[in-house]
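> Residue numbering for the sequence shown follows the numbering used here, starting at 358 and increasing by one per position.
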Amino acid sequence: MDRIIRLSDDAGHIRAFAASTTELVEKSREIHLTSPVVTAAFGRMLTANSMMGIMLKNVKETISLQIRGDGPLESAVTVSDCFGNVRGYVANPVVDIPLKYRGKLDVGGAVGSGTLTVVRDMGLKEPYVGKVQLQTGEIAEDLAYYYGVSEQVPSVVALGVLVDVDCSVKAAGGYIVQLMPDATEDEICRIEKNIKEQKPVSTLIAEGASPEMLLDCVLKGFNLKPVTEVTPDYKCNCTKERIEKALVSLGKIELKKIAAEDGGAELGCYFCGKKYNFSADELINLSEKI
Ligand SMILES: [Zn+2]
């Protein structure tokens, strides 16, 4: 079962999130039929976004990550609710590029140069939008850069997705450690020292590390207590009404034309692939409402 834990110290100097997301990343791979390097890139986004979801304060809020690069993956978007439930869409799910070295998938090469956008929708008129240039396209470094530059929250982000020889997801997870404004110089030094001694997150994940174990080394010497724990999932919230909105955007004339020429329409949800059918009568009714 996938899990996300959140830890904090009494003084509020540090907060940490860690996730095991093997099942939800595999679910997304089955829906989007991604090739290994895209499974890794998209899986890292889903893992990070899921942890960012539980940072939200209100059940109505959502937070999304958007990557737009000049690599063959082109673009991808993920969204999370406050329970860490995620969904997403990737423009080009099948990318086949050479490995970086010794079996390492070249996520940065698939993504390329471009931008990372974080959109926090609080259910108000204007969402909060932060945008930075991609640093490496490897997602974790880009997100750490985003937090430092856009939110002024020094953060350590580590994400890993291990793809099996049959292309399924063997293991996925990661962590985010953040220094709050009251963190001391000594605490910052200790974390920097711990990171140097830390095994790569992909190694830990391959060893079957739990979310707690992912944080063991990086938080060595700190007394952090669990705050909350959730079981995230790849979950879509699409409805026929939402899909209707996409049809309406085609305009009155186009809808009537589809009704007359095709006798109806079938539309799939971008996030989960679920199919929705519209009869010719339904299309004409929709066109009348425009
Ligand atoms: Zn859906």
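For every residue, glycine included, the Cβ atom is placed at its ideal position computed from N, Cα and C. Predicted, not measured: the structure shown is a model, and the values here were computed from it.
Closest to glutamate 554 by CA distance: which of Ser567, Leu571, Thr541 and Ala563 is it?
Leu571
> CB isoleucine 420 to CB glycine 410, shorter than 8 angstroms?
yes
> Closest to alanine 373 by CA distance: which of Val513, Glu387 and Gly565 is it?
Val513
> Can you give me the start and stop residues for the alpha helix (DSSP H) that alanine 637 sits inside?
637–646
> Between phenylalanine 628 and ligand 1, is there a pair consisting of the residue's CB and a ligand heavy atom that are separated by less than 7 angstroms?
yes
> Does the separation of the CB atoms of methionine 408 and isoleucine 533 fall below 8 angstroms?
yes
> Would you give the residue range spanned by the beta strand (DSSP E) that alanine 528 belongs to?
Per DSSP, the unbroken beta strand (DSSP E) holding alanine 528 starts and ends at 526–536.
> For leucine 413, is the classification buried or exposed, using 16 other Cβ atoms within 10 angstroms of its Cβ as the cut-off for buried?
By the 16-neighbour rule on beta-carbons within 10 angstroms, leucine 413 is buried.
> Return yes when at least one heavy atom of ligand 1 lies under 7 angstroms from the C-beta of lysine 384, else no.
No - ligand 1 has no heavy atom lying nearer than 7 angstroms to the Cβ of lysine 384.
> Would you say the beta carbon of lysine 592 comes nearer than 7 angstroms to a heavy atom of ligand 1?
The answer is no for lysine 592.
> For the stretch 402–469, which segments carrying the alpha helix (DSSP H) assignment without a break, of at least 4 residues, lie completely within its bounds, in sequence order?
464–468
> Which residues bound the alpha helix (DSSP H) around lysine 553?
542–554
> Does the Cβ of lysine 631 lie closer than 7 angstroms to at least one heavy atom of ligand 1?
yes
> Which residues in the same chain have their Cβ closer than 7 angstroms to the Cβ of proline 429, if we skip the five residues on either side of it in sequence?
Asn449, Val452, Ile454 and Ala467
> At a cut of 8 angstroms, does the stretch 585–603 reach the stretch 434–445 through at least three beta carbon pairs?
Because the criterion of three Cβ pairs below 8 angstroms is met, the stretch 585–603 and the stretch 434–445 touch.
> So, at 6 angstroms on beta carbons, what are the nonlocal neighbours of tyrosine 633 in its own chain, with the 5 sequence-adjacent residues on each side left out?
Lys597, Ile600 and Leu624
> Look up leucine 604 in the DSSP assignment and say whether it is helix, strand or coil.
helix
> Taking 7 angstroms as the cut-off, is the CB of cysteine 595 close to at least one heavy atom of ligand 1?
yes
> If we count the other Cβ atoms within 10 Å of its Cβ and call it buried at 16 or more, is leucine 500 buried or exposed?
buried
> Put threonine 493 into one of helix, strand or coil per three-state DSSP.
coil
> Going by DSSP, what residues sit across from alanine 515 in a beta bridge?
Tyr532
> Give a yes or no on contact between the stretch 527–541 and the stretch 377–395, applying the rule of three or more CB pairs nearer than 8 angstroms.
yes
> If we call anything under 8 angstroms between Cβ atoms a contact, is asparagine 551 one with valine 575?
yes
> Could you have a look at glutamate 506 and say whether DSSP puts it in helix, strand or coil?
A small correction: the amino acid at residue 506 is valine; glutamate does not occupy that position in the sequence shown. In this structure, valine 506 counts as helix in the three-state DSSP scheme.
> Quick one: give me the first and last residue of the beta strand (DSSP E) that valine 476 is part of.
471–478
> In terms of residue numbering, what span does the alpha helix (DSSP H) encompassing valine 382 cover?
379–389
> Measuring alpha carbon to alpha carbon, tell me which residue in Thr474, Leu491, Gly494 and Gln492 is nearest tyrosine 485.
It is Thr474 whose Cα lies nearest to the Cα of tyrosine 485.
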